[in-house]
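Just so you know, the sequence shown maps onto residues 2 to 546 in full-length UniProt numbering.
Glycine included, each C-beta is placed from N, C-alpha and C at the ideal position.
Only a predicted model underlies this, so the values are computations on that prediction, with no experimental measurement involved.
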Amino acid sequence: PRFDTVIVNGLVVTAADSAYYNIGIKDGKIEALAREFSSADLEGCEIIDAEGAYVMPGGIDGHVHLCQDLKTGPNKLGGRCSDNFETGSRSAAAGGTTTMVNFASQDRLDEADRSLIGVVQRYAARAQSTGSYIDYAFHVIITRNDPDVLQSELPVLVKEWGITSCKLFMTYDTMRLTDRQLLDVMVAARKNSVTTLIHAENGDAIEWLTEQLEARDMIAPYYHALSRPPLIEAEASNRAIALAQLVQNPILFVHIGSPMAAQNVREAQSRGLPIYAETCPQYFNLTWQDLKRFHSPTCFENSKMICSPPPPAEKNDHEALQRYLANGTFTIWSSDHCPFRYDDPDGKPAGVLEHAGSMQGESGDGHNPAAPCTSVYHEVPKEDLSRLLARKMGHFKHVPNGIPGVETRLPLLFSQGLLTGLISPSRFVELTSTNPAKLYGMYPQKGCLMPGSDADLVIWHPQATFKPFALSNSHLHHNVDYTPYEGQTLSNWPRYTMVRGKLIWSNGKIVGQLSHGNFVKRGPNSLHQRPQPFGTDLRNVATWL
Ligand code: URP
Ligand code: ZN
Ligand code: ZN
Ligand code: ZN
Numbered sequence: 002p003r004f005d006t007v008i009v010n011g012l013v014v015t016a017a018d019s020a021y022y023n024i025g026i027k028d029g030k031i032e033a034l035a036r037e038f039s040s041a042d043l044e045g046c047e048i049i050d051a052e053g054a055y056v057m058p059g060g061i062d063g064h065v066h067l068c069q070d071l072k073t074g075p076n077k078l079g080g081r082c083s084d085n086f087e088t089g090s091r092s093a094a095a096g097g098t099t100t101m102v103n104f105a106s107q108d109r110l111d112e113a114d115r116s117l118i119g120v121v122q123r124y125a126a127r128a129q130s131t132g133s134y135i136d137y138a139f140h141v142i143i144t145r146n147d148p149d150v151l152q153s154e155l156p157v158l159v160k161e162w163g164i165t166s167c168k169l170f171m172t173y174d175t176m177r178l179t180d181r182q183l184l185d186v187m188v189a190a191r192k193n194s195v196t197t198l199i200h201a202e203n204g205d206a207i208e209w210l211t212e213q214l215e216a217r218d219m220i221a222p223y224y225h226a227l228s229r230p231p232l233i234e235a236e237a238s239n240r241a242i243a244l245a246q247l248v249q250n251p252i253l254f255v256h257i258g259s260p261m262a263a264q265n266v267r268e269a270q271s272r273g274l275p276i277y278a279e280t281c282p283q284y285f286n287l288t289w290q291d292l293k294r295f296h297s298p299t300c301f302e303n304s305k306m307i308c309s310p311p312p313p314a315e316k317n318d319h320e321a322l323q324r325y326l327a328n329g330t331f332t333i334w335s336s337d338h339c340p341f342r343y344d345d346p347d348g349k350p351a352g353v354l355e356h357a358g359s360m361q362g363e364s365g366d367g368h369n370p371a372a373p374c375t376s377v378y379h380e381v382p383k384e385d386l387s388r389l390l391a392r393k394m395g396h397f398k399h400v401p402n403g404i405p406g407v408e409t410r411l412p413l414l415f416s417q418g419l420l421t422g423l424i425s426p427s428r429f430v431e432l433t434s435t436n437p438a439k440l441y442g443m444y445p446q447k448g449c450l451m452p453g454s455d456a457d458l459v460i461w462h463p464q465a466t467f468k469p470f471a472l473s474n475s476h477l478h479h480n481v482d483y484t485p486y487e488g489q490t491l492s493n494w495p496r497y498t499m500v501r502g503k504l505i506w507s508n509g510k511i512v513g514q515l516s517h518g519n520f521v522k523r524g525p526n527s528l529h530q531r532p533q534p535f536g537t538d539l540r541n542v543a544t545w546l
């Protein structure tokens, strides 16, 4: 047969356009596209009938935390990451994602972690120990500015490992780099064409605000948001743009959560600077109100929405962020999947002190704390409660930051962005697949449907016959005991997810193999046009640096 598989009757969408055509797949790659293949061409191949539904390049999630260390947690807050490469990739596949980029984090406090290559080897072994249903890659988190390591190891990471991106933090005591350290690492990144991701929050100001809140007993989960008002992200993003311009290094802001920071990005972009921005579903669905729900003295539920940056204060902010999604300011749409369980004592507890009544200046959500909890999620056992209290987990600053969402990333944007007309189908593909592929050096192997590209596809249900449903955590395939989006109405869901020609998810079932997912060796950022984006004027230090 000419092909292994042919997809027929699909409305095929790329970042550029949409049209009805057939896709012929051979040996895991797109072999040919045609208005219609002849019956001779179709002979002997497996036929997948899309029944008029959208067919798109598979989702690429550029921001996933799996297997991050217990000793430190994804943000050194002691949480246990509940998804590994098995459960994380299973959940990703069920939500239409075919490639994920995970974090391999250096630990500043551990001298053994000085070597970035050592760090990457450790995480690669974790992926190999279970396998993965989908393809995966790593960003390296750099928390030290060791000149010898940067000089000797970055070129090896790029050339031998195909690891061409790093994440740098401006907050978290044990992760953050000072401005001069940021400059050191950015210069090293620029020399090696390593795409630089920035977590932009002003760590000093957060610590200061946290002390102010503590002095007033305002330590319940809700106050996590008050310790990080939008100016925190606005200031840090502004500063990072200036530092990036100073050393002429393109940067991508991860998880932008406030219109103020998005506006900084917009202004930098309109000055022609290669400044990129990621945003995530939590910033379009949650508000500070979601940090306030509580039910009973042993209910810890209210810490479940704690993430950094926090969700925006109110619904108006969602609308403002939507405008930056529609007008092109945001480059990519990722999940920031950061999984912690409620029923794990090393997971996501807290909220004890909130029930003791420290909601100063704010009324609760109207729930009577004395009434029994009606939450479907959990009631924390008494033994754990005393253990957690002993560890002072009631304070927001001890709650591991981050929320799950690798599976709901595409369906939420499909329902809330594509079907509402906020963004076009092509912009949907650009945000969820093509731009992450280009930014992270995987294009055109991934992120598009050109002949020769990997046959990574997501096929949706035919819209006319799909019955909208209320999302429940029981639908999901992650190893987390809640979803932040419980009860949300979704108007479509991926019907098929295909990775390199093999179906991994089909009609509500995982049908793939854990051995199928490959590590992806990546190249340089192809979104960014290299020639002198910042100008050649001598006032720009990079002309002589
Ligand atoms: O709160 C968040 N976003 N946790 C995940 C770690 C990070 O900073 O991305
Ligand atoms: Zn971050
Ligand atoms: Zn409850
Ligand atoms: Zn993250």
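Backbone CA spacing between residue i and residue j [nearest angstrom]
| i | j | result |
| --- | --- | --- |
| Asp18 | Cys82 | 39 Å |
| Pro275 | Pro525 | 14 Å |
| residue 1 | Glu112 | Residue coverage of the chain in this structure runs from 2 to 546, which leaves residue 1 outside it and unanswerable. |
| Pro310 | Asp50 | 42 Å |
| Ala465 | Leu184 | 53 Å |
| Gln514 | Gly132 | 9 Å |
| Gly211 | Lys398 | Inspection of the sequence shows that residue 211 is occupied by Thr rather than by Gly. In a straight line, the C-alpha of Thr211 is about 8 Å away from that of Lys398. |
| Leu432 | Gln446 | 17 Å |
| Ser473 | Arg217 | 37 Å |
| Tyr378 | Arg342 | Any reading at Tyr378 is ruled out, since the residue's pLDDT is 30, under 50, leaving its predicted position unreliable. |
| Tyr483 | Ile135 | 23 Å |
| Ala471 | Asp291 | 18 Å |
| Gln417 | Leu326 | 12 Å |
| Tyr444 | Glu44 | 31 Å |
| Arg324 | Thr490 | 22 Å |
| Asn508 | Pro495 | 8 Å |
| Leu12 | Ser304 | 42 Å |
| Val157 | Arg3 | 40 Å |
| Asp149 | Ser116 | 10 Å |
| Ile511 | Glu202 | 38 Å |
| His476 | Ser90 | 15 Å |
| Thr435 | Glu215 | 44 Å |
| Ala221 | Ser238 | 27 Å |
Cβ shell of residue i (< 7 Å), same chain only, five flanking positions each side left out
| i | result |
| --- | --- |
| Val542 | Leu247 and Val248 |
| Thr330 | Ala263, Val266, Arg267, Gln270 and Ala278 |
| Asn10 | Asp50, Ala51, Glu52 and Gly53 |
| Glu487 | Leu472, Ser473 and Asn474 |
| Leu287 | Met306, Pro312 and Pro485 |
| Ile424 | Leu326, Ala327 and Gly418 |
| Asp114 | Gln107, Asp108 and Val120 |
Cβ pair residue i, residue j closer than 9 Å
| i | j | result |
| --- | --- | --- |
| Thr280 | His529 | no |
| Gly60 | Pro401 | no |
| Leu322 | Phe285 | yes |
| Ile252 | Met187 | yes |
| Glu236 | Ile257 | no |
| Val481 | Pro405 | yes |
| Ala105 | Ile164 | yes |
| Ser427 | Ala16 | yes |
| Ala241 | Met171 | yes |
| Ser335 | Arg229 | no |
| Pro340 | Leu67 | yes |
| Ser130 | Val407 | no |
8 Å CB neighbourhood of residue i in its chain, flanking five on each side removed
| i | result |
| --- | --- |
| Ala190 | Leu155, Cys167, Thr196, Thr197 and Asn250 |
| Arg539 | Correcting the residue type first, residue 539 is Leu in the shown sequence and not Arg. Counting only Cβ-Cβ distances below 8 Å, and skipping sequence neighbours, we find Trp545. |
| Val14 | Tyr55, Val56, Met57, Pro426, Ser427, Phe429 and Val430 |
| Gly453 | Lys30, Ile31 and Pro445 |
Spatial neighbours of residue i in its chain, beta-carbon cut-off 6 Å, leaving aside the 5 residues before and after
| i | result |
| --- | --- |
| Thr498 | Ala94, Gly97, Val459, Ile505 and Trp506 |
| Trp289 | Ala226 and Ala314 |
| Thr144 | Gln107, Arg109 and Met176 |
| Ile199 | Leu169, Ala241, Ile252 and Phe254 |
| Pro437 | Ile61, Gly63 and Ile333 |
| Arg123 | none |
| Pro463 | Glu52, Gly53 and Ala54 |
| His493 | This sequence places Asn at residue 493; His is not what is there. Hits under 6 Å: Phe415, Trp461, His462 and Phe467. |
| Leu420 | Ser492 |
Whole-Å CB distance - residue i paired with residue j, under 8 Å assumed
| i | j | result |
| --- | --- | --- |
| Asn23 | Val65 | Contact flag wrong, Cβ pair sits at about 32 Å. |
| Asp457 | Thr100 | 7 Å |
| Asp337 | Gly403 | 7 Å |
| Met46 | Asp5 | One point to set straight first is that residue 46 is Cys, not Met, in the sequence displayed. Indeed, because the Cβ distance is near 6 Å, the residues count as touching under 8 Å. |
C-beta neighbour in chain D for residue i, strict 9 Å
| i | result |
| --- | --- |
| Gly348 | Chain labels in this structure do not include chain D; a single protein chain is all it has. |
Problem - Around ligand 2, Cβ to any heavy atom closer than 6 Å, ordered along the chain - result: Those satisfying the condition are, in chain order, His200, Val255 and His256.
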